[in-house]
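The sequence shown runs contiguously to residue 404 in this note's numbering.
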Amino acid sequence: MTTTEFRRHMPEASDSLRRRRSLWSYTNLDPIMLMLLLALSAFGLFILYSASGQDMGYVTRQAIRMGAGFVAMIFLAQLEPRFFGRWAPWIYVVGVALLVGVILFGVGAKGAQRWIQLPGFRFQPSEIMKLVLPLMIATYLAKRPLPPSLKHTFVALILIGMPTVLIMKQPDLGTSLLIAASGIFVLLFSGILWRYIFAALGLAAAALPGLWMVMKDYQKQRVLTFLDPESDPLGSGWNIIQSKTAIGSGGVTGKGWLDGTQSQLDFLPESHTDFIIAVIAEELGMVGVVTLLLLYAAIIGRGLWMAATVQHSFGRLVAGSITLTFFVYVFVNIGMVSGLLPVVGVPLPLVSYGGTSIVTLMAGFGLLMSMHSHKTMMLR
């Protein structure tokens, strides 16, 4: 192409680029993050078909929930940060009230009381707090000088502690840890002083014996099993032993999709939920696991970049917290399945079979995109 022809085509290329940019600006969606989430969701459905014993019912229900999650993401991405800042305190109060309601008149299943029953359906109020708590803490801190003073840090910790304790009483240790982490990440992004962080770590270490005293028997057993799973190989240690066997037997390239013995012969419990990465390791090997980890790393990296570009404190705090909470989901699930952490019932995001957790995760990415697309808009 000659220089004259190149110059003649430049306006056309520029117009095309502007049209593409205006399309994404109009929808308030980040195209790179959207593509990564679609790729992860497709991978999740692919492996769920095998992990569920080739049951298309599981895959169909999961796809419907993912679709609802993407709708929630797109909807929340359209709202301005000041909308979330205005309503976060009220929704927080409602969420805490619902958590109290769960303790007073909630319905239970498998020894846990975590749901509120309404005509025709039931829901888990703790899922609401996964989004509302970081919004609440960010709203409180963004309206005050940063880094926060000791007084404001203490108030933020109280706001974090109330829903965390109520959820632990359900009992739901995994969800309570995730919710507490989402609020603490906001504090960390606010530039909290290091001496406060070290003091908090010291207090947490001192409180461990007390935590052990208030833990349920099954929670204590999970910790003991984590330390020595072979002490009860046919009982509490069965899950982690079978999970390690599945992970180790996959090798580099795996046994092949649908050909895993631990999962297909039902040796691996909860293969379609909490332990689904063991299925990936067995059937797709290290190649499959690394591919999944690269997807997660790309999503987390993109999320942190989006958070860094936001020019107002509220948006940075919310976006950073959502991204790091997503990282905690991945880290805790892989850690517990591989025997590096106690089993706490945290699903592998957008891969494990689930309901409200998928919609909540996708709604979180909607918040992230809202903060990024309105990066120059102040909260007040």
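Even for Gly, the Cβ is constructed at its ideal location relative to N, Cα and C. Fair warning: this is a prediction, and the values are worked out from it, not measured in the lab.
From residue i to residue j, what distance separates their C-alpha atoms?
{"i": "phenylalanine 94", "j": "isoleucine 221", "result": "36 Å"}
{"i": "glycine 284", "j": "alanine 270", "result": "8 Å"}
{"i": "leucine 41", "j": "proline 55", "result": "Residue placement at leucine 41 is flagged as unreliable, the pLDDT there being 44, under the threshold of 50; the coordinate-derived value follows with that caveat. Approximately 14 Å, taken between the alpha carbons."}
{"i": "alanine 92", "j": "methionine 80", "result": "18 Å"}
{"i": "serine 200", "j": "threonine 347", "result": "17 Å"}
{"i": "tryptophan 281", "j": "aspartate 290", "result": "16 Å"}
{"i": "glycine 278", "j": "arginine 246", "result": "29 Å"}
{"i": "lysine 240", "j": "proline 105", "result": "40 Å"}
{"i": "tyrosine 353", "j": "tyrosine 50", "result": "31 Å"}
{"i": "serine 273", "j": "serine 362", "result": "13 Å"}
{"i": "isoleucine 324", "j": "valine 375", "result": "16 Å"}
{"i": "valine 485", "j": "tyrosine 320", "result": "Only positions 25 to 404 of the chain appear in the structure, and residue 485 is not among them; the question remains open."}
{"i": "isoleucine 264", "j": "isoleucine 304", "result": "15 Å"}
{"i": "alanine 231", "j": "leucine 225", "result": "10 Å"}
{"i": "alanine 343", "j": "threonine 333", "result": "10 Å"}
{"i": "leucine 128", "j": "valine 189", "result": "15 Å"}
{"i": "arginine 219", "j": "threonine 349", "result": "23 Å"}
{"i": "alanine 331", "j": "leucine 58", "result": "16 Å"}
{"i": "leucine 64", "j": "valine 383", "result": "14 Å"}
{"i": "isoleucine 460", "j": "tyrosine 116", "result": "Here the chain covers residues 25 to 404 and nothing more, so residue 460 does not appear."}
{"i": "valine 120", "j": "alanine 204", "result": "14 Å"}
{"i": "valine 124", "j": "glycine 207", "result": "19 Å"}
{"i": "alanine 87", "j": "histidine 296", "result": "14 Å"}
{"i": "alanine 228", "j": "arginine 326", "result": "32 Å"}
{"i": "leucine 317", "j": "leucine 365", "result": "18 Å"}
{"i": "proline 187", "j": "glycine 198", "result": "13 Å"}
{"i": "threonine 315", "j": "leucine 174", "result": "43 Å"}
{"i": "arginine 168", "j": "phenylalanine 107", "result": "18 Å"}
{"i": "glycine 234", "j": "proline 143", "result": "40 Å"}
Which stretch, first to last residue, makes up the alpha helix (DSSP H) that contains residue i?
{"i": "leucine 183", "result": "174-192"}
{"i": "leucine 103", "result": "Note, leucine 103: premise wrong, no alpha helix (DSSP H); not H, not E."}
{"i": "proline 149", "result": "149-166"}
{"i": "threonine 297", "result": "Run containing threonine 297: none; DSSP gives neither H nor E here."}
{"i": "leucine 211", "result": "197-213"}
{"i": "glycine 68", "result": "55-75"}
Apart from the five residues just before and just after residue i, which ones in its own chain have a Cβ nearer than 8 Å to its Cβ?
{"i": "threonine 380", "result": "Phe147, Gln148, Glu151"}
{"i": "leucine 341", "result": "Pro158, Ile161, Ala162, Leu165, Ala166, Val210, Phe213, Ser214"}
{"i": "proline 171", "result": "Ser214, Gly215, Ile216, Leu217"}
{"i": "valine 83", "result": "Leu69, Leu72, Tyr73, Ser76"}
{"i": "valine 131", "result": "Gln137, Trp139, Ile140, Gln141, Arg146"}
{"i": "alanine 180", "result": "Ile161, Tyr164, Leu165, Pro172, Gly207, Val210, Leu211"}
Taking the alpha carbon of residue i as the point to measure from, which residue in the options has its own alpha carbon closest?
{"i": "glycine 378", "options": "Ile182, Arg106, Arg89", "result": "Arg89"}
{"i": "glycine 109", "options": "Lys268, Val156, Pro143, Pro233", "result": "Val156"}
{"i": "glycine 185", "options": "Leu391, Leu316, Leu202", "result": "Leu202"}
{"i": "isoleucine 358", "options": "Met395, Val313, Gly388", "result": "Val313"}
{"i": "leucine 61", "options": "Val370, Thr84, Met97", "result": "Met97"}
{"i": "tryptophan 114", "options": "Val311, Gln78, Met153", "result": "Met153"}
{"i": "glutamate 294", "options": "Ser76, Leu248, Phe129, Asn52", "result": "Ser76"}
{"i": "leucine 328", "options": "His336, Ser345, Phe178, Phe338", "result": "Ser345"}
{"i": "glutamate 306", "options": "Leu69, Leu64, Ser74", "result": "Ser74"}
{"i": "alanine 223", "options": "Lys244, Gln86, Thr177", "result": "Thr177"}
{"i": "alanine 387", "options": "Phe99, Phe67, Leu227", "result": "Phe99"}
{"i": "phenylalanine 351", "options": "Val126, Val370, Ser337", "result": "Val370"}
{"i": "glutamine 78", "options": "Pro187, Leu174, Gln288", "result": "Gln288"}
{"i": "valine 311", "options": "Gly275, Phe107, Leu174", "result": "Gly275"}
{"i": "methionine 192", "options": "Gln286, Val126, Gly309, Arg85", "result": "Val126"}
Between residue i and the rest of its own chain, which residues show a CB-CB distance below 6 Å, the 5 nearest in sequence each way excluded?
{"i": "leucine 385", "result": "Pro373"}
{"i": "leucine 122", "result": "Pro149"}
{"i": "phenylalanine 67", "result": "none"}
{"i": "leucine 308", "result": "Gly278"}
Taking 8 Å as the CB-CB cut-off, is residue i touching chain D?
{"i": "glycine 77", "result": "The structure shown contains no chain D; it is built from a single protein chain."}
Tell me which same chain residues have a C-beta within less than 7 Å of the C-beta of residue i, skipping the five on either side of it?
{"i": "alanine 101", "result": "Asn52, Leu53, Gly390, Met393, Ser394, Ser397"}
{"i": "lysine 399", "result": "Thr333, Val334, Gln335, Gly339"}
{"i": "alanine 112", "result": "Val156, Leu159, Met160, Thr163"}
{"i": "leucine 103", "result": "Ser394"}
{"i": "methionine 34", "result": "In this predicted model, methionine 34 has a pLDDT of only 49, less than 50, meaning its place in the structure is not dependable enough to derive any value."}
{"i": "serine 267", "result": "Leu292, Phe299, Ala302, Val361"}
field: Complete runs of the alpha helix (DSSP H) confined to the stretch 218-294 [at least 4 residues]
entry: 218-238, 241-251, 262-273, 285-288
message: Extract the residue ranges of the alpha helix (DSSP H) inside the stretch 316-403, only unbroken runs of 4 or more that lie entirely within it.
response: 337-361, 380-397
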